[in-house]
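Asker:
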Amino acid sequence: MINSCGRVRIIICSPVSEMDEEDCERRRMECLDEMSNLEKQFNDLRDQLYRERLSQVNSKLSEVEAGRASEYLEPLAVLLENMQVRTKVAGIYRELCLDSVKNKYDCEIQAASQHWESEKLLLLDTVQSELEEKIRRLEEDRHSIDITSELWNDELSGRKKRRDVLSPDKKRRRPSVVSDILPLLLCDWTAIRKAVATLGPHRGKADSDTAVFPFRADRSRPILNC
197 MINSCGRVRI IICSPVSEMD EEDCERRRME CLDEMSNLEK QFNDLRDQLY RERLSQVNSK
257 LSEVEAGRAS EYLEPLAVLL ENMQVRTKVA GIYRELCLDS VKNKYDCEIQ AASQHWESEK
317 LLLLDTVQSE LEEKIRRLEE DRHSIDITSE LWNDELSGRK KRRDVLSPDK KRRRPSVVSD
377 ILPLLLCDWT AIRKAVATLG PHRGKADSDT AVFPFRADRS RPILNC
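Numbering (this note's numbering), first residue to last: 197 to 422.
Okay, here's the thing in structure tokens:
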């Protein structure tokens with residue numbers, strides 16, 4: 197036996213100590229039985245707790261699968277709110293993109309239309325200039341032919357008078373044709389006027405008060421009728 201000073205005291209065995217040993221053995225057995233009972237109770241409680249927890253987990257899983265669990269509904273509500281916000285933002289972004297594409301399309305259409313109008317006016321001006329030049333040349337050729345024809349007729353008339361004076365009994369002959377180019381030139385000039393009359397309505401309001409052919413303001417020469 198150890199005293200308070202830490203020294204070991206030797207106890208001499210006696211009949212009383214044997215009784216103590218039996219009592220200790222009995223108490224040890226009781227303790228062992230109690231420990232065994234406690235261990236059994238612990239195992240039973242552990243199994244019961246496991247079954248209860250398993251039942252709770254299965255119940256919660258069933259609620260989650262059915263969509264009734266609070267642990268599922270609260271995050272789901274947050275996700276739904278975020279989804280609505282992002283959907284709204286995506287819709288606004290989509291509208292902005294559509295407006296941008298529409299504006300770009302309108303700009304392209306306007307640019308193409310302006311380019312077409314510019315090219316059309318340029319082409320019309322070019323055709324008008326070419327036709328005016330052709331008409332001018334035709335008028336000059338016609339005027340030249342008219343003068344030549346008059347001179348030729350005068351010359352023929354003079355020759356005829358001289359021949360008539362020299363031979364009064366001789367039959368009169370018709371004057372020869374100056375040239376066959378005059379009818380061709382006049383026909384070409386008529387065709388050009390018809391083409392110009394066809395192009396006339398496309399010149400717009402600015403040319404609505406002009407003649408059949410849209411001459412420029414600086415041109416005052418009248419058109420000769422064929």
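All C-beta atoms in this analysis are idealised placements derived from N, C-alpha and C, irrespective of residue type, glycine included.
#1: Hey, how far is the Cα of E328 from the Cα of S296?
#2: Roughly how many whole angstroms lie between the Cα atoms of N254 and N239?
#3: Determine the direct distance from the alpha carbon of L228 to that of R264, and round the result to whole angstroms.
#4: For R389, count neighbouring Cβ atoms within 10 angstroms of its own Cβ and tell me buried if that reaches 16, exposed if not.
#5: Enumerated in chain order, which unbroken segments of the alpha helix (DSSP H) with a length of 4 residues or greater are wholly contained in the segment 244 to 310?
#6: Just to confirm, is the Cβ distance from D384 to L334 under 8 Å?
#7: Just the C-alpha distance for L382 and S309, rounded to the nearest angstrom, thanks.
#8: Since V260 and Y268 should fall inside the 8 Å C-beta cutoff, what is the C-beta to C-beta distance between them, to a whole number of angstroms?
#9: In whole angstroms, give me the CA-to-CA distance for K316 and T322.
Answerer: The structure says:
#1: For the pair E328 and S296, the Cα-to-Cα distance works out to about 47 Å.
#2: Using only the alpha carbons, I get a separation of about 22 Å.
#3: Those two C-alpha atoms are separated by around 49 Å.
#4: Residue burial annotation: R389 is buried, with at least 16 other C-beta atoms found within 10 angstroms of its C-beta.
#5: Listed in chain order, nothing qualifies, since the segment 244 to 310 has no complete alpha helix (DSSP H) run of 4 or more residues.
#6: Yes, the Cβ-Cβ distance between D384 and L334 is below 8 Å.
#7: Going by the C-alpha atoms only, they are around 39 Å apart.
#8: In this structure V260 is in contact with Y268, their Cβ atoms being roughly 5 Å apart against a cut-off of 8 Å.
#9: The straight-line gap from Cα to Cα measures roughly 10 Å.
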